[in-house]
Structures are given as structure tokens and as C-alpha cells.
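Read the structure below first, then the notes.
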Amino acid sequence: MLTRGKKAKSDGGGAAPSPSTTSTNGHKFRRASSSSSDATVAPVKTPKSSRSPFAEIKRLSSFRRSKASEAEPAVETASTSSSSSSSSPSISPLSPLAVLDRPFSTVEGLEDHPMSYERGHEIPITWFAAISTYFGYAVLILFGHIRDFFGRLFGVSRYLATQPPPGYAPLLKDWENFYTRRLYHRIRDCWERPVCSAPGGRITVVERDSPDGNKTMVLTERTRECMNLGSYNYLGFADDWQTSCKAEVMPTLDTLNSCLCSARMDLGTSKAHVELEELVARYVGKEAALVYNMGFGTNSTTIPALVGKGSLILSDTMNHSSIVAGSRASGAMVRTFVHNNAKSLERVLRDAIAGGMPRTRRPWKKILVMVEGIYSMEGEICDLKGIVEVVKKFGAYLYVDEAHSIGALGETGRGICEYAGVDPKDVDVMMGTFTKSFGGMGGYVAGDRKMIQYLRRASAGSMYHNSLSPVVCKQVHQALRVIMGEDGTMTGRRKIEALRNNSNHMRRELVRMGCHVYGDYDSPIIPVMLYNPTKIAAFSREAFARGLAVVVVGFPATPIVLSRTRICVSAGHTREEIERALNVIEELVDLLRLRYAKRAMG
Ligand SMILES: Cc1ncc(COP(=O)(O)O)c(C=O)c1O
39 MLTRGKKAKS
49 DGGGAAPSPS
59 TTSTNGHKFR
69 RASSSSSDAT
79 VAPVKTPKSS
89 RSPFAEIKRL
99 SSFRRSKASE
109 AEPAVETAST
119 SSSSSSSSPS
129 ISPLSPLAVL
139 DRPFSTVEGL
149 EDHPMSYERG
159 HEIPITWFAA
169 ISTYFGYAVL
179 ILFGHIRDFF
189 GRLFGVSRYL
199 ATQPPPGYAP
209 LLKDWENFYT
219 RRLYHRIRDC
229 WERPVCSAPG
239 GRITVVERDS
249 PDGNKTMVLT
259 ERTRECMNLG
269 SYNYLGFADD
279 WQTSCKAEVM
289 PTLDTLNSCL
299 CSARMDLGTS
309 KAHVELEELV
319 ARYVGKEAAL
329 VYNMGFGTNS
339 TTIPALVGKG
349 SLILSDTMNH
359 SSIVAGSRAS
369 GAMVRTFVHN
379 NAKSLERVLR
389 DAIAGGMPRT
399 RRPWKKILVM
409 VEGIYSMEGE
419 ICDLKGIVEV
429 VKKFGAYLYV
439 DEAHSIGALG
449 ETGRGICEYA
459 GVDPKDVDVM
469 MGTFTKSFGG
479 MGGYVAGDRK
489 MIQYLRRASA
499 GSMYHNSLSP
509 VVCKQVHQAL
519 RVIMGEDGTM
529 TGRRKIEALR
539 NNSNHMRREL
549 VRMGCHVYGD
559 YDSPIIPVML
569 YNPTKIAAFS
579 REAFARGLAV
589 VVVGFPATPI
599 VLSRTRICVS
609 AGHTREEIER
619 ALNVIEELVD
629 LLRLRYAKRA
639 MG
């Protein structure tokens, strides 16, 4: 339960409080003169694939991400690409010693990089890319239907078994079934590729074969050493774990084992959990914290504990699917505002307060605004200052998901508040995960002591989930000590600096090549637009053939024409590795014609 009562303030701009309707916290507001007709106010929904293609092309050809008006269920698809080619990779094999204490790279000459807080890097998709992408999907769909038709006619198809038995409705939705069989399976080798090494700056990937055109994948004995541009190993703990964390983590296995076999509420809390929670709270600048065994579960079980029927969630359109899942499960009404746009938030919030609940027009019990520190699919940094101003002005609550920003942003890695110069007191619920910067797993929620105490017994993640492994608690605890310099070294500071340098260098070079690069400087997530469905697989496979493990993302995780490769940079990458990766990417940029910022046709 959010317990802090905030005062809703009047809008200096004149469209605000005056008699008649009561606000969230019992304050009086004038009802909006016109009903809430803001086009941005819409319930959370999945992307409309049924929209007219021409209207869609028009919209996307002037695509301004800051004008996106729909909620995207941001399902992300991590992958590394594969190739059956056994040609030797262009990057030399990983030596066991290479994972020990890799040097942190420093890149000169970045002082002049544009400040991330200056927004306005809208990247319109070119007409050619939009039309050729739709054409590509149309051809794939047409051929899929033709193959299905002849398969049924002649009874010869490896997918006939997926038809339901007579009298049964299909278990999977028709379109999803078709999409999986006829589009996804063609390039399935680009995802879910198994690895057999730590996810450091380099990674060992297991090659697979398929006896049936990618319907099933079989592991081979072959492996490939790759430069890793796909894992969220932001601070490089996967690279130097042996020296930075191992000695502190290993004894926990002897005393507490890997699992406590119980939920936090029961017998699942150890000293390691309590110590970690104390350190997390101190790190993020809050009174208390609660740790969960899963980042996704942190959002999906905390949100329903905080808000419910009669409450309103205002969610950024690009929020992660765990936020979408938690919001839906909560039973609260969900409305969205334009991605990372404080002005849109203000409009939606003012309308919501003025209009009250649908039908009854009674005031909302609570209004919770939900944003992310860095948007995982966009690489964009939250305009937290602007959001906080609006939230304070109207007396709503603010929930910030720091999955990608904690550890990675700010001089001491304290995340988006430090980076944006916002007092952590102005954020009511600080959520984050341990999967990215800390070389662990799980998540946390930090806030007022009273709220955290409440969550301990109200959130399903605390009451019904098995608790976070004590070994992972220790890992995250040690990583935090390193980041905070409490291990007596400057390793943490050097890691944070190296991550920023590497990210900005990579981004600057990709922009120089003429790619459409999304996101902000200082963000370790660097999406490079591919657009065409054929380029998704081609980029992934060609990169893999050259010793580069990358993540590619397409529909339904992105709008259908906005497929991309999402490069994740790490402090564990050396300068030479970044340069070699850039050389390979430049080759691919030429091969696949990805210079969309320089030429309409790439
Ligand atoms: C913004 C955001 N929140 C939550 C999560 C879920 O975290 P985890 O993968 O640790 O479960 C993710 C995953 O990447 C994310 O990007």
C-alpha cells in the first residue's frame, strides 16, 4: 500500500483545479470541459497488426518515437545468431585467462559527446525501408499460405500435426500459429542459441543443426568463440568474477546451499537476504528494500500489491512487459502516455484527475505513474526530471523501473536519479533488477520502510515465490560493495567509467557509419535499425559467421516494420574488442545496406 499522502497542486497553466470534482487525494478539481479525448489516452493493448498498411506506412515514415501513441507489450527476444558454417571465426578463441581481470577500456576524446538529456533524436524510417519491409512480410505470408494450402491438399507437410484433432478448437491462436510456423521457424536459428561460457566480453556459443528446416534444433559438438554484444553484462562482472566476487560468494554454497527451499514469508529469509536488502536501500537512497527472486516477478507481483480496483496506472507506452503484466493483474485502470513525454503525461494526468473514474466520476483512489530508467528496447534514457515535476504537481505516485539503469547510469552507478539530478525522495517506488549490472539475478523494490513492510506480506513475490538464492544474494552484495568502493578498490568506478566510454564510442561510430541508431548517449543499449524481415536473419547469421554474437529483435517485440539489432555494450569489452566489433559491423552495414541515415535505400 502506498501510504504517503501527497498534496495535489494547482496547475499554474490554468487548466487545473477549481471546484467540482474531487481529486485523487480528496482535493477539488474542475471537471475537464471536454471529455478526455486526448488521443494518447488509451488502455494498454497489444500492437494493432490489423491497422491499414498504408496508414501505418504514413505514420511510420514520419515516425517520431516521441509521438508513439500505442502501448507496446515490450516482449524482448534475446538471441544470438547461428550459422552452420564451420569457418573459423575472425576473433581469436577465448583463452581461459582472458576472463580473469580483463582491463577496462578507456576511449579518448569523448568529452564532446552530446548530452543525453538533450532529447530530439527522432529517426524517421525511410519510405523505401517501410515499403520494402511490408512487401517482405507480404511475400512471406503469401508463400506461407501457399505452402499450407498445398500441404493440406496433398497431406504432405511437417506442420500437419499442428492441426487440432476433429472437434477440438486450436490451442494456439490461428495467426500466432501461422506466424510461428511460416515466419519465425524460417529464422529460428537466430534465437535461443545455447552458450557454454560465462557471458563476458567474449562468449562461447554452441552451434546447432536442424534436420527439419528449423522446426527442431539439435545441439552439435561444435562451438564458436564470439565477441559478445548481446548480454546485459553491463559492468563486466562476468569477465572478472573470479577475482572480484568468487572469494566472497563461494563460502555461501557451503553454509546455505544454493536454495533455501522456502518463500521469504516462511523459512526463505537468511542473513544474506537481510544484508543485501540493507545495502540495496543504502545504495539507492531509500529507507528499506525488499528483494525478489526474479526481476519480472518483482514488477508483476509488486504492482498488484500497490494498486487495485479504483486506482489508475499511467504507463509509458514503451514500458516493459513485466510492467504490463503487473498492471493488468492489478485490476487497476491503465492508461498510457506518449513515450518519455512529460507534457503528454501532464495532459493525461490532468484529464484523469478532472474526469475521475469512468461512469461514477468519483475520484481515483490512487494514481501511479510508471516509467523506466532506460527503455530496454529503445536505449532511451528517461526524462525523469520532467516526469517528477508533473507527478509532484498533481500529487500522483511515481514508480521507476531501473532494470537497465541501476549500476549503469550516474557517476557512482546509482541509476537514473543520480544521472538526472533527481532526489530519490521524489520517487515513491524504486524498482530494479540484479540481472544486468550485478552479474546476478532477481530484483528489488526500495521505498519507505512502511511501504516495504507492507509489501513483505502483501506481494505474491514475497509470500508465494521461493526466495532469491542465498548464493545470488551474496553475489549481488559483493558486486554492490565493489561498485560502491567498499571493497577498498577503485574497480567499481573504473567499471562505470569504462561502460560509459565503451557505450558512447560504439554509439558514435555507428552513427558515423550512417545507421539509424536509437537511444541516447550514455545508454549501454544501442538499437540499430534493420527494418526488413530478411535483414533480421541475415544480420544475425552473418555476424555469427564473423564471430559476433548479437541480439536481433522483430515483431511482436517491436512494431512490424521496426526490427532491429540491439547491441549491449559492457565494461568488460576491451578497446580492441570494440574496434574489431565495429569493423565487423561496418562490413555488415555495407553488405546489408543499413546506412539509412545517409541513403534512403540504405
Ligand atoms: C525494464 C525491465 N524490467 C524488468 C525486467 C525483468 O527483469 P529480469 O530479466 O531480471 O527478470 C526487464 C528485463 O530485461 C526489463 O528490461
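With our numbering as the guide, the letters of the sequence shown map in order to residues 39 to 640.
Built from N, CA and C at the ideal position, the CB exists for glycine as well.
Residue i beta carbon near ligand 1 (any heavy atom closer than 7 Å)
i, result
"Phe334", "yes"
"Arg441", "Before going further, note that residue 441 is Ala rather than Arg in the sequence given. It does: the Cβ of Ala441 is within 7 Å (strictly closer) of some heavy atom of ligand 1."
"Asp230", "Here the sequence assigns Glu to residue 230, which means Asp is not the residue at that position. No, ligand 1 has no heavy atom inside 7 Å of this Cβ."
"Ser170", "no"
"Gly481", "yes"
"Glu410", "yes"
"Ser308", "no"
"His358", "yes"
"Thr473", "yes"
"Ser414", "yes"
"Asn337", "yes"
Own chain partners of residue i with C-beta closer than 7 Å, once the 5 adjacent residues on each side are dropped
i, result
"Arg531", "Gly523"
"Glu624", "Met551"
"Leu298", "Leu305, Gly306, Ser308, Ser505 and Pro508"
"Tyr321", "Arg452, Leu518 and Met522"
Same chain only: Cβ atoms within 6 Å of residue i, ignoring 5 sequence neighbours per side
i, result
"Tyr437", "Leu406, Met408 and Val467"
"Ala587", "Thr118, Ile241, Val243, Cys264, Asn266 and Gly268"
"Ala638", "Thr164 and Phe166"
"Val622", "Arg584 and Leu586"
"Cys511", "Ala310, His311 and Leu314"
"Gly348", "Lys403"
"Asp464", "Val426"
"Ala576", "Leu630"
"His611", "Gly239 and Asn540"
"Ser561", "Ile412, Gly417 and Ile419"
Residue nearest to residue i in terms of C-alpha spacing, selected from the options
i, options, result
"Ala367", "Thr572, Thr529 and Pro342", "Pro342"
"Ala176", "Ile598, Thr612 and Asp628", "Ile598"
"His503", "Asn331, Asn357, Leu221 and Tyr482", "Asn331"
"Asn542", "Lys573, Ile564 and Val345", "Ile564"
"Arg579", "Leu257, Ser561, Thr603 and His311", "Thr603"
"Glu614", "Met567, Met544, Val591 and Asp628", "Met544"
"Cys420", "Pro571, Thr218 and Gly459", "Gly459"
"Phe432", "Pro396, Asn295 and Val386", "Val386"
"Gly499", "Gln280, Gly274, Ser300 and Leu210", "Ser300"
"Asn378", "Ala392, Asn357, Arg519 and Arg388", "Asn357"
"Gly335", "Val589, Met479, Asp525 and Arg538", "Met479"
Spatial distance of residue i from residue j (CA atoms)
i, j, result
"Lys284", "Ala583", "33 Å"
"Gly640", "Ser248", "32 Å"
"Cys234", "Arg399", "57 Å"
"Asp439", "Gly470", "6 Å"
"Val194", "Trp213", "21 Å"
"Val256", "Ala635", "39 Å"
"Pro571", "Leu317", "45 Å"
"Pro237", "Ala276", "6 Å"
"Tyr222", "Thr258", "22 Å"
Bounding residues of the alpha helix (DSSP H) (the contiguous stretch that carries residue i)
i, result
"Glu384", "Ala380 to Gly393"
"Val312", "Lys309 to Val322"
"Met255", "No alpha helix (DSSP H) contains Met255, which DSSP labels as neither H nor E."
"Gly333", "Gly333 to Leu344"
"Thr290", "Lys284 to Leu294"
"Val362", "Ser359 to Ser368"
"Thr171", "Trp165 to Phe192"
"Arg246", "No alpha helix (DSSP H) contains Arg246, which is instead part of the beta strand (DSSP E) from Arg240 to Asp247."
"Leu28", "Coverage of the chain is limited to positions 39 through 640, which leaves residue 28 absent and any answer about it impossible."
"Asp212", "Asp212 to Tyr217"
Where the beta strand (DSSP E) containing residue i begins and where it ends
i, result
"Ala326", "Ala326 to Tyr330"
"Phe375", "Met371 to Phe375"
"Cys553", "Careful: Cys553 lies outside any beta strand (DSSP E) and carries neither H nor E."
"Cys511", "No beta strand (DSSP E) holds Cys511; the alpha helix (DSSP H) holding it covers Pro508 to Met522."
"Val566", "Ile563 to Tyr569"
"Met356", "No beta strand (DSSP E) holds Met356; DSSP gives it neither H nor E."
"Arg397", "That residue, Arg397, is in no beta strand (DSSP E); it is neither H nor E in DSSP."
"Ser601", "Ser601 to Cys606"
"Asp525", "Taken as a continuous stretch (DSSP letters only), Asp525 belongs to no beta strand (DSSP E), as it is neither H nor E."
"Val484", "Looking at the sequence itself, residue 484 is Ala, so the reference to Val does not match. Looking at the DSSP string, the run of the beta strand (DSSP E) that includes Ala484 is Gly481 to Gly485."
"Met501", "Element bounds for Met501: not the beta strand (DSSP E) but the alpha helix (DSSP H), Ala498 to Met501."
Residues of its chain near residue i, where Cβ-Cβ distance is below 8 Å and the 5 sequence neighbours each way are ignored
i, result
"Glu427", "Ala380"
"Lys324", "Pro462, Met468, Ala484, Gly485 and Asp486"
"Ile425", "Ala380, Leu383, Val407, Val409 and Leu436"
Near ligand 2: residue i beta-carbon under 7 Å from a heavy atom
i, result
"Ala367", "Summarising the ligand content, the structure contains ligand 1 and does not contain ligand 2."
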